[in-house]
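Comments concern the structure below.
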Amino acid sequence: PGHLYVVATPIGNLQDFPPRAQQVLGEVDAICAEDTRNSAGLLAHFGIQRPLLALHEHNETAICAQLIARLRAGESLALISDAGTPLISDPGFALVRAAREAQLPVIAIPGPCAAIAALSIAGLPSDRFVFEGFLPAKPNARRERLQQLAAETRTLIVYESSHRIGDCVDDIVSVLGTERLVCLARELSKLYEQSHRASAAELKAWLAQDANRSRGEFVLVIAGAADAGVDTQQAEGERVLRLLLADGL
Ligand code: SAM
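For the sequence shown, the positions run 25 to 273 when full-length UniProt numbering is used.
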């Protein structure tokens, strides 16, 4: 049978396109892409000309059987998404599961992933972490999800869009508390790349200072509840000290 290659593509900077990814994409019989127009541009830039098939959340289940038949017949296929690693808040799960269930070879061609890039620079515990993808878009549902995560001790990673970054940070402040450490990473590997690590309350103020800071694509890396780190312990110490001083002790 043919191989299904799950291929990561850049999350912004085109120089982050691994050579092996380019080679595999140039050799497969067809490339399944989330948005064929978007991917056609990327592939043309690298001189890759292979037939493109649309595979997105609306047709993924419907075209699986057909793609599995092609793999069984010996064709090799690659799966890419608009940016980063397929299946990570992106389509592809139904196809990969179907290929596994059909005992077909599935090969990862590793590369960029915004969540892992952000975690690697956040300066928050990275030995154990939880990827939550996008939090719910509706305020009540988002706060409810944050409430469910409030006692989680592992570092949390969430994706956010520019429309909701302000509201999302507001909810982190009100549900997880002002002192929770958060690292905001925006536009990773792009021209206006920026990352800022602060307490939730400070991060909220930092966002409010400059509208440009709410533009682009975001990853939030949020310290876990118990492993919140030295800064929070220090803040707690200062809070206790203030209480003692207020009591005249
Ligand atoms: N599959 C992708 C990956 O491996 O990272 C993620 C796809 S998801 C639909 C898109 C979200 O990823 C954006 O809304 C943002 O939260 C995050 N993201 C993607 N590229 C990013 C970048 N260059 N900087 C910061 N966040 C990014």
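Where a beta carbon is used, it is the ideal one built from N, C-alpha and C, also for glycine.
Residue state for Cys-137 is assigned as coil, using DSSP reduced to three classes. Spatial neighbours of Ser-144 in its own chain (CB-CB distance under 8 Å, excluding positions within 5 residues in sequence) are listed in chain order as Ser-150. When the five nearest sequence neighbours on each side are left out, the beta carbons in the same chain lying within less than 8 Å of the beta carbon of Asp-194 are those of Lys-228, in order along the chain. Beta-bridge partners assigned by DSSP to Gln-218: Arg-210. Pairing Ile-55 with Ala-102 gives a Cβ-Cβ distance under 9 Å. Counting C-beta pairs with one atom in each stretch, the stretch 199-215 and the stretch 232-242 have three or more that are closer than 8 Å, which means they touch. Taking C-beta atoms as the reference points, Ile-189 and Ala-139 fail to come closer than 9 Å. Within the same chain, and ignoring the five residues on either side of Leu-265 in sequence, no residue has its Cβ closer than 8 Å to its Cβ. Under the three-state reduction of DSSP, Ser-113 is assigned to coil, being neither helix nor strand. Restricting attention to Ala-174, Leu-267, Ala-122, the CA atom closest to the CA of Gly-201 is found in Ala-174.
Rounded to the nearest angstrom, the Cβ distance from Ala-224 to Trp-230 is 11 Å, too far for a contact under 8 Å. Under the rule that a run must span 4 or more residues, the alpha helix (DSSP H) segments found entirely inside the stretch 117-171 read 117-125, 138-146. Inter-residue distance for Asn-236 and Gln-90 is about 45 Å (C-alpha atoms, whole angstroms). Three or more beta-carbon pairs separated by less than 8 Å link the stretch 66-79 to the stretch 41-56, which places the two stretches in contact. Of all alpha-carbon atoms in Asp-191, His-82, Leu-215, the one lying nearest the alpha-carbon of Asp-114 is that of His-82. DSSP, read as helix, strand or coil, puts Ser-198 in helix. Distances between the C-beta of Ala-107 and the heavy atoms of the ligand SAM include at least one below 8 Å. In the DSSP assignment, Ser-185 falls within the unbroken beta strand (DSSP E) covering 179-185.
The DSSP assignment places 54-57, 76-78 as complete runs of the beta strand (DSSP E) inside the stretch 54-81, in order along the chain (cut-off: 3 residues).
In the DSSP annotation of this structure, Ala-232 is not part of any beta strand (DSSP E); the continuous alpha helix (DSSP H) holding it starts and ends at 224-233.
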